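Q: I'd like to ask you about the structure that follows.
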Amino acid sequence: MIRRPFILATSLCSALALTACPGPAPRPTTQPTMASKGARKPPQTATKVDPWAKAKLIEAPEPVPAQALKLPPVKRFKLRNGLSGLALPDDQLPLVSVRLTLPVGSIDDPADRVGLADFTAMMLRQGAAGMSAERISQRVDAAGARLSVSPGYEITTITCRAQAKDLDLCLEMVSALVSRPTFPKKEMAQVTRSLEGEVRSDRDDPSMLVAKHFYNLLYGDDHPAGRPLTLGSIAAVKRKDLQRFFATYYRPQGAVLAVSGAVDIKTLDKRVARRFRRWRKGKRPPRKAVTVKSPGPGLKVLLIDKPDLTQSFFMIGHAGVNLRHADRDALRLVDYVLGGGGFSSRLMKVVRSKGGKTYGISSAFYAHEADGLFRVRSSTRNAELWRTLELARGELQRVRKEPPTAAELVAAKGKLAGGYAIRFKTGDQLAAALSLAQVRGLGDRYVSELPLRIQRLEVSTVAAAAKKHVKPGALVLAVVGKGSVVAPLLDKAKVRYERIDYLAPISAKARRRAKESIVISPAEAK
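Below, the structure is given as C-alpha cells:
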C-alpha cells in the first residue's frame with residue numbers, strides 16, 4: 003500500500019503533543035516603501051522564517067530505574083533418576099511448553115569426530131520409542147504442537163509447545179527422544195546431506211566463512227571451538243559413534259526439565275515421573291577445561307582470498323573471560339558503549355556515521371564455562387579495509403584511555419538493566435533462563451538480580467574492566483575479501499599475513515598437512 007507523505011506526516015503530528023509539531027510557515031510579507039514617481043521599485047526580499055525556531059521538541063524520557071526481576075512462584079522437584087524439574091504456572095493462555103536443557107554440545111566432540119554432537123542431536127527426532135520420523139511428525143502435527151531439538155556449543159535443548167490439554171503428549175515425546183532413540187540408518191543419509199549442505203553453504207557465505215576462520219585462528223585446532231566442521235569429519239561418523247556419544251552424555255543427572263504455562267503443579271511431578279521413568283541414570287564424564295591462549299603481542303592476520311567479492315568481511319579480536327569472571331557484568335556495559343549498543347555505540351558513530359566505511363559494525367564479549375572471547379565484526383569495500391580497521395582499532399585503544407563516561411553508562415544501564423524485564427514476555431522465556439542458569443550452576447539469583455548488579459557498577463569499576471580486558475595490542479584478524487585488492491593494502495601497512503584461497507581447509511593443521519603432502523619432481527623444483 004502506497005502512503006501519501008502529507009497524510010502520514012499529519013497523522014504523526016496529531017498523535018504527539020501539539021507543541022512538538024510546527025504549524026504552517028507564515029507567508030513572507032514586505033513593507034511598502036515610498037518611491038519617487040516613475041522611479042523603479044527596489045527588489046523586495048522575503049524574510050526567512052525558521053518554522054522550528056519556537057517548536058518544543060520531544061525529549062528522551064528518563065531511564066527506567068533498575069529493579070530485580072520478580073520471579074513467580076517456582077515449583078521444583080527431582081526424580082529418582084537425578085533429573086531436576088521446575089514448573090512455572092501461567093493461566094493467561096491455554097498453552098504449555100516443555101523444555102529440557104542438557105549440558106552437552108559440540109564442546110564434547112571427540113577431536114576426530116567434529117560434528118558428532120550436532121549429528122546426534124539431529125538424529126533424535128528421526129526415530130524413537132518404536133516411532134519412525136514420519137510417525138513422530140504425524141503425532142506432533144495432528145495436535146498442532148511443535149517439537150524441536152537445538153544443539154549448541156555447551157548446551158542442547160529439546161522443546162515441545164502445545165495446547166494445555168496435550169501436555170502428556172509433549173512429555174511423552176521429549177522423554178522418548180532422550181531415553182529411547184533408535185538412530186535409524188536410513189535417516190542418517192538425510193542428516194548427512196543436511197550437514198554437508200551447511201559446510202558447502204558456509205564456503206559461499208563470507209560472513210560465515212570469516213567467523214569459522216577467526217575461531218580457528220584464535221582457538222587453534224587443539225580447542226573444541228577452533229576445530230571446524232568438514233565434509234571428512236561428517237563422513238567419519240558411524241551409527242555406533244552416535245549410540246556411544248548418546249549413551250555417554252545424554253544422562254538425566256545435570257539436566258533440567260522446565261514446564262511452563264497452564265499446568266496443574268499439584269500433579270505435574272507425578273506425570274513427569276511416569277513419562278521419564280525409562281531414562282536411566284549414569285555417570286557423565288567431566289569436561290576437560292581447555293582454555294583459549296592469548297594470541298600474543300601484535301596483529302596476527304589471515305587473508306582468505308575470494309576473488310568475486312566487492313566487499314571484505316572481517317572479524318578481529320582476542321581471548322575474553324569466562325562466565326563466572328568477576329568482571330563479567332562490567333564488560334556488558336563496556337561492550338554496549340563500544341559496539342553492542344547499535345547506533346548509539348562508539349564504533350557505529352565513528353566507523354559508520356563519521357567515517358562512512360560500513361553499514362554496520364558491532365562488538366561482543368562471549369563468555370563460556372571455561373573461557374571466552376571478544377570480537378569486532380563488520381564488512382566494507384575492499385579498498386577501504388585497512389582504513390576501516392584503523393578506525394576500529396582506534397576505538398579499542400580509546401575505550402581504554404577514555405572509558406565509558408557517566409552519561410554513556412546511564413544510557414547503557416537504562417537499556418541493559420532498566421529494560422531487562424522486557425526480555426521475559428512469556429513464561430517459557432523465563433523458564434529457559436532459569437533452566438540454563440541451573441544447568442550452569444549459577445542459580446535463580448543470577449537471573450533475577452542481574453539488573454541490580456549492573457546498576458550498582460560504578461564508573462571506576464567499568465573503566466578498570468575496559469583497561470584490563472580490551473587488548474588492542476594483541477589481536478587476531480581474519481579477512482575474507484578480494485585478495486588482489488586487500489593484499490597490497492596489507493603490504494603497504496607493513497603487516498605480515500598468511501594468504502589462502504577461500505576453498506583451502508579452515509584448519510591450520512590441515513593446510514600444513516596439505517603443503518607437506520605435495521610432491522614435485524626435480525624438474526618442477528628447478
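Just so you know, our numbering puts 243 at position 241 of the sequence shown, and the rest follows in order with no gaps.
Even for Gly, the Cβ is constructed at its ideal location relative to N, Cα and C.
This one's a predicted model, so the numbers in the text were calculated from it and none came from an experiment.
1. Hey, is the stretch 483 to 496 in contact with the stretch 300 to 307, meaning 3+ C-beta pairs nearer than 8 Å?
2. Can you check the stretch 126 to 181 for any beta strand (DSSP E) of at least 3 residues that lies completely inside it and give the ranges in chain order?
3. Going by alpha carbons, who is nearest to Ala89 out of Lys72, Ala260 and Lys80?
4. Can you check whether the CB of Ser365 is closer than 8 Å to the CB of Asp337?
5. DSSP state of Ile236, grouped into three classes?
6. From the DSSP output, in three-state form, read off Asp111 for me.
7. With three or more beta-carbon pairs closer than 8 Å as the criterion, would you say the stretch 194 to 209 touches the stretch 279 to 297?
8. With respect to the beta strand (DSSP E) encompassing Asp307, which residues constitute its N-terminal and C-terminal limits?
9. If you count every other CB in all the chains shown that lies within 10 Å of the CB of Ala27, and 16 or more means buried, which is it?
10. Where does Ala434 land, buried or exposed, given buried means 16+ other C-beta within 10 angstroms?
11. Apart from the five residues on each side of it in sequence, which residues of its chain come closer than 7 Å, Cβ to Cβ, to Arg330?
12. By the 10 Å Cβ neighbour count, where 16 or more other Cβ atoms means buried, how is Pro254 classified, buried or exposed?
13. Can you tell me which of Leu340, Ala480 and Tyr504 puts its alpha carbon nearest to the alpha carbon of Lys469?
14. Could you check how far apart the C-beta atoms of Ala264 and Val98 are, in whole angstroms? I think they sit under 8 Å.
15. For a test of the three-state rule: what should DSSP assign to Ile508, helix, strand or coil?
16. Is the distance from the Cβ of Gly420 to the Cβ of Pro65 below 8 Å?
17. Is the stretch 154 to 174 in contact with the stretch 102 to 118, if contact means three or more CB pairs nearer than 8 Å?
18. Could you check which residue in Leu231, Leu85 and Leu173 has the C-alpha nearest to that of Asp120?
19. Determine the direct distance from the alpha carbon of Glu460 to that of Ser509, and round the result to whole angstroms.
20. Tell me which residues share the same chain as Lys56 and place their Cβ nearer than 7 Å to its Cβ, disregarding the 5 neighbours each side in the sequence.
21. Measuring straight from C-alpha to C-alpha, what distance separates Lys80 and Gln431?
22. Note down, one range per segment and in chain order, each alpha helix (DSSP H) of at least 4 residues found wholly within the stretch 282 to 346.
23. Helix, strand or coil: how does DSSP classify Pro26 here?
24. Distance, Cα to Cα, Lys356 vs Arg400?
25. Might you give, ordered along the chain, the residues of its own chain that have their beta carbon closer than 7 Å to the beta carbon of Pro96, omitting 5 neighbours on each side?
26. According to DSSP, simplified to helix, strand and coil, what is Leu231?
27. Can you tell me whether DSSP reads Asp52 as helix, strand or coil?
28. Where does Val481 sit, in a helix, a strand or coil, going by DSSP?
29. Per DSSP, what kind of secondary structure is Arg513 in: helix, strand or coil?
30. Just reading off the beta strand (DSSP E) that Tyr499 is part of, what are its end residues?
31. Which same chain residues end up closer than 7 Å to Asp168 when comparing Cβ atoms and leaving out the 5 residues on each side of it in sequence?
32. Does DSSP classify Leu220 as helix, strand or coil?
33. Over the uninterrupted beta strand (DSSP E) stretch that includes Leu411, give me the two end residues.
34. Measure the CB-CB distance between Ser177 and Arg277 and report whether it falls below 8 Å.
35. Three or more C-beta pairs under 8 Å: does that hold for the stretch 374 to 392 against the stretch 310 to 325?
36. Would the beta-carbon of Asp204 fall within 8 Å of that of Lys214?
A: Checking against the coordinates, here is how it stands:
1. yes
2. 148 to 153 and 158 to 165
3. Your numbering for residue 89 matches position 87 in the sequence shown. The option with the nearest alpha carbon to Ala89 is Ala260.
4. The count along the sequence shown starts at 1 and reaches residue 337 at position 335. The count along the sequence shown starts at 1 and reaches residue 365 at position 363. Yes, Cβ-Cβ distance for Asp337 and Ser365 is below 8 Å.
5. Your numbering for residue 236 matches position 234 in the sequence shown. Ile236 falls in the helix class under three-state DSSP.
6. As a working mapping, residue 111 is identified with position 109 in the sequence shown. Looking at Asp111 - three-state DSSP - the assignment turns out to be coil, as it is neither helix nor strand.
7. no
8. By one-based count along the sequence shown, residue 307 stands at place 305. Asp307 -> beta strand (DSSP E) spans Gly300 to Asp307.
9. Numbered from 1 along the sequence shown, position 25 holds the residue referred to as residue 27. Unreliable placement is indicated for Ala27, whose pLDDT of 40 sits below 50; the coordinate value is still reported in the next sentence. The residue is exposed, with fewer than 16 neighbouring Cβ atoms inside 10 Å.
10. Residue mapping note: residue 434 aligns to position 432 of the sequence shown, counting from 1. So Ala434 ends up on the buried side.
11. By 1-based counting over the sequence shown, the position of residue 330 is 328. Cβ within range, chain order: Val323 and Ala369.
12. Counted from its first residue, the sequence shown places residue 254 at position 252. By the neighbour-count rule (16 or more Cβ atoms within 10 Å), Pro254 is buried.
13. Residue mapping note: residue 469 aligns to position 467 of the sequence shown, counting from 1. Of the candidates Leu340, Ala480 and Tyr504, the one whose C-alpha sits nearest the C-alpha of Lys469 is Leu340.
14. Your numbering for residue 264 matches position 262 in the sequence shown. Your numbering for residue 98 matches position 96 in the sequence shown. Between Val98 and Ala264 the Cβ distance is about 6 Å, and since that is below 8 Å, they are a contact.
15. Along the sequence shown, read from residue 1 onward, the residue named residue 508 stands at position 506. Note: Ile508 maps to coil in three-state DSSP.
16. On the sequence shown, residue 420 is found 418 positions in, with the first residue counted as 1. On the sequence shown, residue 65 is found 63 positions in, with the first residue counted as 1. Yes, these two residues count as a Cβ contact at 8 Å.
17. yes
18. Sequence index remark: in the sequence shown, residue 120 carries index 118 (1-based). Nearest of Leu231, Leu85 and Leu173 to Asp120, Cα basis: Leu231.
19. Against the sequence shown, residue 509 aligns to sequence position 507. Against the sequence shown, residue 460 aligns to sequence position 458. Spanning the two alpha carbons is a distance of roughly 42 Å.
20. The count along the sequence shown starts at 1 and reaches residue 56 at position 54. Once the five neighbours on either side are set aside, Lys56 has no close Cβ partner at all.
21. Walking along the sequence shown from the start, residue 80 turns up at place 78. Walking along the sequence shown from the start, residue 431 turns up at place 429. Near 21 Å, if we compare the C-alpha coordinates of Gln431 and Lys80.
22. 330 to 337
23. Sequence index remark: in the sequence shown, residue 26 carries index 24 (1-based). Confidence is the limiting factor: at Pro26 the pLDDT is only 39, short of 50, which leaves the residue's position unreliable, though a coordinate-based value still follows. In the structure shown, Pro26 sits in coil (DSSP, three-state: anything other than H, G, I, E or B).
24. In the sequence shown, the residue the question calls residue 356 occupies position 354. In the sequence shown, the residue the question calls residue 400 occupies position 398. Their Cα atoms are separated by approximately 16 Å.
25. The count along the sequence shown starts at 1 and reaches residue 96 at position 94. Closer than 7 Å at the Cβ level, and outside the excluded window around Pro96, lie Gln165, Ala166 and Ala264.
26. On the sequence shown, position 229 is the one that residue 231 refers to. If DSSP states are grouped into helix, strand and coil, Leu231 belongs with coil.
27. In the sequence shown, the residue the question calls residue 52 occupies position 50. Coil at Asp52, not helix or strand.
28. Here residue 481 corresponds to residue number 479 of the sequence shown, with the count starting at 1. Looking at Val481 - three-state DSSP - the assignment turns out to be strand.
29. Indexing the sequence shown from 1 puts residue 513 at position 511. Helix at Arg513.
30. Taking the sequence shown and counting its residues from 1, the one referred to as residue 499 is at position 497. From DSSP, the beta strand (DSSP E) with Tyr499 extends over Tyr499 to Asp503.
31. Here residue 168 corresponds to residue number 166 of the sequence shown, with the count starting at 1. Within the same chain, Asp168 has close Cβ partners Ala145 and Ala147.
32. Walking along the sequence shown from the start, residue 220 turns up at place 218. Looking at Leu220 - three-state DSSP - the assignment turns out to be helix.
33. Reading the sequence shown from its first residue, position 409 is the one you call residue 411. From DSSP, Leu411 is part of no beta strand (DSSP E) but of the alpha helix (DSSP H) over Ala408 to Lys415.
34. As a first step, residue 177 is located in the sequence shown; it is residue number 175 there, counting from the start. As a first step, residue 277 is located in the sequence shown; it is residue number 275 there, counting from the start. Cβ atoms of Ser177 and Arg277: closer than 8 Å.
35. yes
36. Translated into the one-based positions of the sequence shown, residue 204 becomes position 202. Translated into the one-based positions of the sequence shown, residue 214 becomes position 212. Contact: yes.
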